[in-house]
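Here's the structure we're looking at; comments come further down.
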Amino acid sequence: MRHGHRTLLGGLAAATFLSAVLPASAMAAPHERPPAVRLLDTLTVPAGTTEDGMPFGGLSGIDYDRRSGEYVAISDDRSENGKARFYTLRLPLRGGAFTKPVVEGLTVLDDTDGEPFATKAVDPESIRWTPGGRSLLWTSEGASSSGRPAFLREAGPEGAYRRELPLPDAYAPVRDGAGKLVAGVRNNQALEGLTLTPDGRKAVTVTENALVQDGPAASLTSGSPSRLLVSDRRTGRPEAQYVYEVDPVSDAATAPLPPPVNTFSSDRGVSEILAISRTDFITVERSFASGVGFAIRLYWTTTRGATEVSGEHALSGTETPMRKKLLFDFTTSGTDADNVEGITWGPVLPDGSRSLVLVSDDNFGFNGGTTKFHLLAVRPWVTSGGA
């Protein structure tokens, strides 16, 4: 069900990062190629912002419809702070900066029975328009700890369930007689990323970390072999899988998380993926350490030359992973990125560059999290396969 109205997100704090104030590490010396990606602006949503009585937060996926100029952003609310939902937004630009964003509406997502999701029955993570804006694809990480599988579903613009696209058997959580998870997606490390190829024919998902049988989760000393899955959007049929190597965790935890968690925590994973072409993508890798904060990096990556692993229930370790190259590092940008979980292509900028719009998940204020929108400019060679 969609609740349609216009709400101005007032009191937003903006910080514009033009080339004159970029850190020295991001500036191109004479005869050097300029940086592939530049941060232009960051917008912060005030804590406590609400929409239809529900907190405006938990934004973990975003997509732009260039026909309408609208964005869709999904909240990862597990129907605990409000109903599972997505928002439609406008994020107008003037030059290289955000102006006054507006919430156009809030839409509640329905389960297969046509009713809103029950509490803790879903963990929304990513969302994309299908061609023409006729429907939306979205993912849930599920909860392997409680037996709820991850899924990729299609919904109508009004939030109604349409269908579920199947996942390979290797993704299904399996436990042994003692209840130990021995295969499938890890709890809270499942379908974090989703994108459509530019022609709209393929839906591409990526796991945040490795399937249990494929290898360990990322740590301070080792990375993690995530799986990228290519599915036919029309039929839903899985067509190909590849290995994407997540880097090791950036920092060790130095302090515990606030109550009620009270534990030291550190992790790293793929929080989103965005298609450049049928074979090339931008990934967002998010590293976190309690007491330190987030380290957010964008990578160019490609399936070209990588081993196709659809037939492998468990990886052997001999596969050729997807090549990757660092495009942008928020830790050297001069701004605190926060918990970036969403990325989309935005409008073309006045200088002809393509824009990227990113959004952070505020975790509904836990541990000081805030909702931020970041505007970046992308050089042409990135989108032409020359990263």
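For the sequence shown, full-length UniProt numbering assigns the number 1 to the initial residue and increments by one for each residue that follows. In this text, a Cβ means the ideal position worked out from N, Cα and C, and glycines have one as well. Quantities reported herein were computed from a predicted structural model and do not represent experimental measurements.
Inter-residue CB distance, residue i and residue j (contact presumed, cutoff 8 Å)
i	j	result
residue 344	residue 360	In fact, because the Cβ distance is near 14 Å, the residues do not count as touching under 8 Å.
residue 207	residue 226	5 Å
residue 140	residue 154	At roughly 13 Å, the Cβ-Cβ gap does not stay under 8 Å, so residue 140 and residue 154 are not in contact.
residue 328	residue 375	Going by Cβ atoms, the distance from residue 328 to residue 375 rounds to 12 Å, so no, they are not a contact pair.
residue 364	residue 105	No, residue 364 and residue 105 are not in contact; Cβ-Cβ is about 20 Å, not under 8 Å.
residue 330	residue 354	The pair is not a contact, with the Cβ atoms about 19 Å apart (cut-off 8 Å).
residue 266	residue 246	That belief does not hold up - the Cβ atoms of residue 266 and residue 246 are roughly 13 Å apart, past 8 Å.
Neighbourhood of residue i by C-beta, 8 Å cutoff - its chain only, sequence neighbours within 5 removed
i	result
residue 222	216 and 248
residue 469	There is simply no residue 469 to check, as the chain begins at 1 and stops at 387 in what is shown.
residue 146	120
residue 367	257, 258 and 290
Local conformation of residue i per DSSP, three classes
i	result
residue 30	Summary for residue 30: the model assigns pLDDT 48, below 50, so the residue's position carries little reliability, and this model does not support an answer.
residue 169	helix
residue 382	helix
residue 213	helix
residue 146	helix
residue 365	helix
residue 332	helix
residue 105	strand
residue 395	Given a span of 1 to 387 for the chain in the structure shown, any question on residue 395 remains unanswerable.
residue 132	helix
residue 238	strand
residue 80	coil
residue 185	coil
residue 38	strand
residue 121	coil
Bridge partners - residue i, DSSP secondary structure assignment
i	result
residue 251	Paired residue(s): none; residue 251 is not in a bridge.
residue 126	139
residue 54	51
residue 163	154
residue 243	227
residue 62	73
residue 308	According to DSSP, which records beta bridges pairwise, residue 308 is partnered with nothing at all.
residue 288	267 and 294
residue 282	274 and 300
residue 110	116
residue 232	202
residue 371	45
residue 355	377
residue 324	301
Residues near residue i by beta carbon distance below 6 Å, same chain, minus five either side
i	result
residue 242	228, 303, 306 and 322
residue 283	270, 273, 299 and 301
residue 183	174, 212 and 213
residue 379	36
residue 65	129 and 133
residue 96	40
residue 164	151 and 153
residue 287	249, 250, 268 and 295
Alpha-carbon spacing of residue i relative to residue j, whole angstroms
i	j	result
residue 205	residue 281	11 Å
residue 25	residue 326	Residue placement at residue 25 is flagged as unreliable, the pLDDT there being 35, under the threshold of 50; a coordinate-derived value is accordingly withheld.
residue 149	residue 142	5 Å
residue 338	residue 313	35 Å
residue 30	residue 319	With a pLDDT of 48 at residue 30, under the threshold of 50, the modelled position of this residue cannot be trusted; read the value that follows with caution. In a straight line, the C-alpha of residue 30 is about 40 Å away from that of residue 319.
residue 476	residue 203	Not covered by the structure: residue 476. The range shown for the chain is 1 to 387.
residue 45	residue 244	33 Å
residue 39	residue 190	29 Å
residue 422	residue 176	No statement about residue 422 is possible, as the shown extent of the chain runs from 1 to 387 and does not include it.
residue 138	residue 125	7 Å
residue 255	residue 264	6 Å
residue 348	residue 196	19 Å
residue 200	residue 52	32 Å
residue 383	residue 276	6 Å
residue 92	residue 63	14 Å
residue 350	residue 156	34 Å
residue 357	residue 178	45 Å
residue 336	residue 253	18 Å
residue 340	residue 60	8 Å
residue 362	residue 80	15 Å
residue 88	residue 342	14 Å
residue 180	residue 102	46 Å
residue 308	residue 47	44 Å
residue 117	residue 188	18 Å
heavy atom of the ligand MG below 7 Å from residue i C-beta
i	result
residue 82	As presented, the structure is devoid of all ligands, the ligand MG included, so that no description of it is given.
Min CB distance residue i to chain C below 8 Å
i	result
residue 232	Here there is only one protein chain, and chain C is not present.
Beta-carbon proximity list for residue i, same chain, < 7 Å, skipping 5 on both sides
i	result
residue 82	54 and 55
residue 123	76, 78, 140, 141, 142 and 143
residue 185	144, 150, 171, 173, 207 and 211
residue 69	90
residue 279	302, 303 and 304
residue 67	133
residue 50	56
residue 198	275 and 277
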